[in-house]
Amino acid sequence: MKNFGLVILLFVLTTCSYAQEMRTIIRKDSTKTFTLGGYGEPFAGATQLNKDWGIMIGIKGGMVINRHFAFGPVAKVYAGLWEFQGNNLNYNDSANLELYMGSIGFFMEYSIKMESPIHISIPVNIMIGGVQINEDMGAGDVTFDEMENNVYNIESSGLVIIEPGVNIDFNVAKFFIPNIKVGYRLAMGTQLVNVSNQDLSGIYFGLGLKFGKF
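Using the numbering used here, you'd call the opening residue of the sequence shown number -18 and step up by one each time.
And the structure:
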């Protein structure tokens, strides 16, 4: 009888010891959870380009991890009429020229205290694009056939753009976060006669509207 009681006691002690949570060297914090969201954002603003100011418009969207880190595609066009006088590469150094530029790539963004009603996010855009210089010959100086042959184009080049910036975000609703943005566009890799990398670089200001799950 004593042996039977001893067996029961050992069984109870063993069961209680296994019922306790196992401790490991590396412990996982059960209070932290992984969250995944996403958003789309149209934006517009003003930017400096070739020593002048004009309009930029674009769109971006991506995934949001743990309400801090976001990444995804971004595209931007520069819709202002950047007109200037330059070399048409045909013995005219004072021709009326127009500049067009666009870019596409991806962005990374870090949000600081996204749960706060007003917070800061730091985006970096890394893009490739193209810039084209056309000559404004006037409607009376060119035929329809010449327009079809695209004789307006003077020169063009590809480029790489890196854009660091700072956003001030406003949590208006759980699905809607407008923001004010400011940043700098650094252009590299162009091979043009009329404009340089420095001419294509410049500061920008804008307004963005984020819609999504954050």
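Beta carbons are placed, not taken as given, at the ideal position from N, Cα and C, and that holds for glycine.
Close Cβ partners of residue i (< 8 Å) along its chain, the five nearest in sequence each way excluded
{"i": "A27", "result": "W34, G35, I36, M37, Y185, F186, G187"}
{"i": "P98", "result": "F151, N152"}
Any chain C beta carbon closer than 8 Å to residue i
{"i": "K162", "result": "You won't find chain C in this structure, because it holds only one protein chain."}
Contacting residues, own chain, Cβ-Cβ under 6 Å from residue i (five flanking each side not counted)
{"i": "D180", "result": "N31"}
{"i": "N148", "result": "S102, N160, K162"}
Sheet register partners of residue i (DSSP bridge)
{"i": "I135", "result": "None; I135 has no bridge partner."}
{"i": "G83", "result": "V58, G111"}
{"i": "Y91", "result": "F50, I103"}
{"i": "Q172", "result": "DSSP output for Q172 lists no bridge partner at all."}
{"i": "D33", "result": "L30"}
{"i": "V141", "result": "I109, M169"}
{"i": "L190", "result": "P159"}
{"i": "Y185", "result": "T28, G164"}
CB of residue i within 8 Å of CB of residue j, strictly
{"i": "D150", "j": "E64", "result": "no"}
{"i": "N69", "j": "L78", "result": "yes"}
{"i": "F195", "j": "I158", "result": "yes"}
{"i": "G43", "j": "G67", "result": "no"}
{"i": "V141", "j": "I109", "result": "yes"}
Length of the line joining the Cα atoms of residue i and residue j
{"i": "I143", "j": "V105", "result": "7 Å"}
{"i": "G146", "j": "S75", "result": "36 Å"}
{"i": "G21", "j": "E136", "result": "34 Å"}
{"i": "S102", "j": "L80", "result": "31 Å"}
{"i": "G139", "j": "Y133", "result": "18 Å"}
{"i": "A25", "j": "L190", "result": "9 Å"}
{"i": "Y165", "j": "I93", "result": "20 Å"}
{"i": "R48", "j": "M95", "result": "6 Å"}
{"i": "G111", "j": "T14", "result": "42 Å"}
{"i": "T5", "j": "T171", "result": "Confidence at T5 is low in this model, with a pLDDT of 48, below 50, so the placement of that residue should be treated as unreliable; the coordinate-derived value is given next. Between T5 and T171, the C-alpha separation is close to 56 Å."}
7 Å CB neighbourhood of residue i in its chain, flanking five on each side removed
{"i": "I46", "result": "L17"}
{"i": "F192", "result": "Y20, G21, F156, F157"}
{"i": "F87", "result": "F52, G53, P54, V55, I107"}
Residue i burial status per 10 Å Cβ neighbour count (16 or more: buried)
{"i": "S84", "result": "buried"}
{"i": "L62", "result": "exposed"}
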